[in-house]
Each structure stands twice: as structure tokens, then as C-alpha cells.
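Below is one structure, written out as C-alpha cells, with a few remarks after it.
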Amino acid sequence: MKIFLTGFITLVLSLPVYAAVEEVNIYSARKEQLIKPILDRFEKQSGIKVNLITGKADALLKRIETEGTNTPADILITTDAGRLHRAKTAMVLQPAITPDIEKIVPSNLQDPDHYWIGLTTRSRIIVYAKDRVKPSELSTYEALSDPKWKKRLCIRSSNNIYNQSLVASMIVHKGEQSTEDWAKGLVKNFARKPKGGDRDQIKAVAAGQCDIAVVNTYYLAQMLNGKDSTQKKAAEQVAVFWPNQNDRGAHINISGIAITKASKNKENALKLIRYLLSPEAQTWYAEANNEYPVIKEATLSKTLKSWGQFHSDSLNLKELGEYNSQAVRIMDRAGWR
Ligand code: FE
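So that you can map any letter, position 48 of the sequence shown is 31 in the numbering used here, and since no number is skipped, the others follow by simple counting.
Structure representation (C-alpha cells):
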């Protein structure tokens, strides 16, 4: 009997060795083609199987919340620090980012409580019609509320997180009251009721519906580098203006990564994060997404290089999440729809 039992226990103990497949499960708000190739490379190098589910950012967060402890997701990849902060406050993440990883990335691009970390950055810039606006007429986000831009500005709606995060940064730097005054002035300068995404604002400038717009850098880069010749033509009619270069710098945000509270493959998740921050992965991922890498060793894409260096706001991006609801209220009061 004893021999049988020992044999049985040995068998049971050794079972997982044969059965366990090293894996990591990702919920990603990035489109499959913009992330899959680099995950395949990780899979090959590490022997860890990567299971990828892609979807819309808000839907994926909802899904993790609904699935609770049963969620297969080990990792959430999404854009905008405001959204990562939402996931943190929804209690679906864990403070698992380790010091060796945090050392790689500038401290303002990560959560001080270790819940999430940036993989790439983008800036929310001003673009202007090359034929109607001189760059010397532009200066700061604040100056976009100047009456000289009356009915000349295109920007998407206030329910978009990118604008919420921009307004949140204004609150941190300028205070609530002056941000509200600014937002009211900005709304007066809208050339039309906000509609469409950032690409549509660029198209509207090209079509002469407005003279300036506020957009994320990668949309312009995508339009310039994409296959759609109409989009390319539109993008070529605008130029980049880096706001606030003489003070706090241009507003930036991230695409980032976090480990879920219910993760069953935390070590593998950490290995993947380390890989995504390697020079090889950073160069590929940033270029594929037309974004800026978070490490200096990675190479910039040709388009981004052509826009030159810029001074960026060093605000810790968790503030964008913390001031999100105040930002939404201000935009609401200002009539920004
Ligand atoms: Fe986007």
C-alpha cells in the first residue's frame, strides 16, 4: 500500500510538469496587426505561448471587470493613462510592475503605485493649414482660446479620453477656474460641432472647414504613411506645431500595459513586459504604431524624426486619471459637446 501511495503521489506531483504549458493571456486595445508580430517574436524567443484578444479599450476593461477572478487575462494593453487609471480604480489590476522594469521607463510615464507602465508615447499637438496659418501665430494650448481663432478650430468631442486628459493636464497646471475660462473660449472658437476622430479633424483642416486642429501625433503619421492617397494628400496640407515649448512642454500620453489582479501567469507577464521594453521590441512597436518609444536606445520612425525634437510636459500621467472627472465636468459646463 505504502509503495502504491508513494508511486501515486510521485505521479500526481510530476503531472503538472507534463501538462503545464507556459502561457500569457493578453487583452489588447491595440489592433491585432499592430502588436501580433512582436508577440510572435516573444513567443519564439521565450517559449511562452501568447494568447491575444483584441477589442475596444472600454469594452475590454468592462470584460475584465465582468469576468472578475475568472478572467483569463493576465495583461491589459490599452491607450491613454486616463484609461489605465480607470482600470486601477476599478480594482482589476495589481501593483505588480517590478523595480527593474520601472528603472527602464521615465518615471512620469508610470504609475507611482506600480499598477501600470508606458510602452510608447504620443503627443496631442496642434496642426495648422500650411497655406493659411503661420507657425508664428501659434504658441500654447492656452492661446487656442484667443478670439483670433474664432470659428477656425476643429477638435473632437469631449467624451473622447484624449481631450479629457488634455483638459486634466490644464487643471493641474493652471487650476480649475482658469481651465474653465479657457475651455469656454475654446468652444467659441470651434469651427463646427465636434464630430469624428482625430483623422477627421485633419481632413477638415485640409478641406478648409477650419484652419487649426488638435490631434494625436500618430494619426497624422498614419495618414502620411498609409495607403489611402486621399488621407495622405490631406495630411500633407497640414504641419505640426509643438505647443508650450517655452514653458511646460507639449502634452503627452501613453499606450501602456498592466497586470490584472486575477493573473495566473504573473511571471510570464513580467517577462513579456521586459521584452516589450527591449530596444528590439520598442523600435518595432513604436514604428508600427507611429509612436515614440519610451527608451532612448530605440530608433524613431522616419516621419517622427522629420518632426524634430520637442519638449514634453513632465507631469506624472496618473494625474490625468485623477483629474478626469473634474475635466469632464469643466468641458460640460463650457458647452464642449
Ligand atoms: Fe487613438
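Even glycine gets a Cβ: it sits at the ideal position worked out from N, Cα and C.
Rounded Cβ spacing between residue i and residue j (contact assumed at less than 8 angstroms)
| i | j | result |
| --- | --- | --- |
| L35 | S11 | 6 angstroms |
| R189 | K134 | The amino acid at residue 189 is misidentified as Arg; the sequence shows Ala. Not a contact, Cβ separation roughly 17 angstroms. |
| P247 | D94 | For the record, residue 247 in the displayed sequence is Lys; it is not Pro. Not quite, the Cβ-Cβ distance comes to about 22 angstroms (not below 8 angstroms), so this is no contact. |
| I235 | S106 | 5 angstroms |
| A233 | S152 | Going by Cβ atoms, the distance from A233 to S152 rounds to 10 angstroms, so no, they are not a contact pair. |
| I58 | A252 | 5 angstroms |
| I237 | L102 | 7 angstroms |
| D183 | R115 | No, D183 and R115 are not in contact; Cβ-Cβ is about 19 angstroms, not under 8 angstroms. |
| K254 | S29 | 6 angstroms |
| L207 | K216 | No, L207 and K216 are not in contact; Cβ-Cβ is about 10 angstroms, not under 8 angstroms. |
| K113 | Q192 | Not confirmed; about 16 angstroms, so no contact. |
Chain C contact for residue i (CB, 7 angstroms cutoff)
| i | result |
| --- | --- |
| E120 | Considering every chain present, this structure includes no chain C. It has just one protein chain. |
Among the options, nearest to residue i - alpha-carbon criterion
| i | options | result |
| --- | --- | --- |
| K14 | P89, Y268, Y306, P82 | Y268 |
| V277 | T286, K285, S261 | S261 |
| E48 | T213, L253, A245 | A245 |
| R320 | L283, V170, F224, P118 | V170 |
| K285 | T61, A204, S152, Y145 | A204 |
| T282 | Q292, F293, W290, E270 | E270 |
| S289 | A222, M74, L255, D183 | A222 |
| P82 | T266, I256, G191, K279 | I256 |
| F25 | A70, A126, N229, Q265 | Q265 |
| L127 | I80, M74, V197, D96 | V197 |
| N172 | D23, P20, L22, E125 | E125 |
| T37 | Q16, G209, M206, K27 | Q16 |
| N199 | L287, D211, I9 | L287 |
| Q309 | V150, E263, A187 | V150 |
Within 7 angstroms, strictly: CB atoms of residue i and residue j
| i | j | result |
| --- | --- | --- |
| Y111 | L76 | no |
| H68 | G304 | yes |
| I242 | A218 | no |
| K359 | E50 | Because residue 359 is not part of the residues shown, which for the chain are -16 to 320, the question remains open. |
| A317 | K131 | no |
| S148 | D63 | yes |
| P55 | F224 | no |
| Y275 | T104 | yes |
| N273 | Y201 | yes |
| S109 | L121 | For the record, residue 109 in the displayed sequence is Ile; it is not Ser. Taking 7 angstroms as the Cβ cut-off, I109 and L121 qualify as a contacting pair. |
| N227 | T123 | yes |
| R66 | H156 | no |
| I154 | Y306 | yes |
| N299 | N146 | no |
| K249 | A79 | yes |
| Segment contact flag, the region 153 to 173 with the region 297 to 314, C-beta cutoff 8 angstroms, min 3 pairs | yes
| field | At least three beta-carbon pairs within less than 8 angstroms, the region 164 to 184 to the region 82 to 93 | value | no
| message | As a quick check of your reading: which residues have a C-beta less than 6 angstroms from at least one non-hydrogen atom of the ligand FE, in chain order? | response | T62, N199
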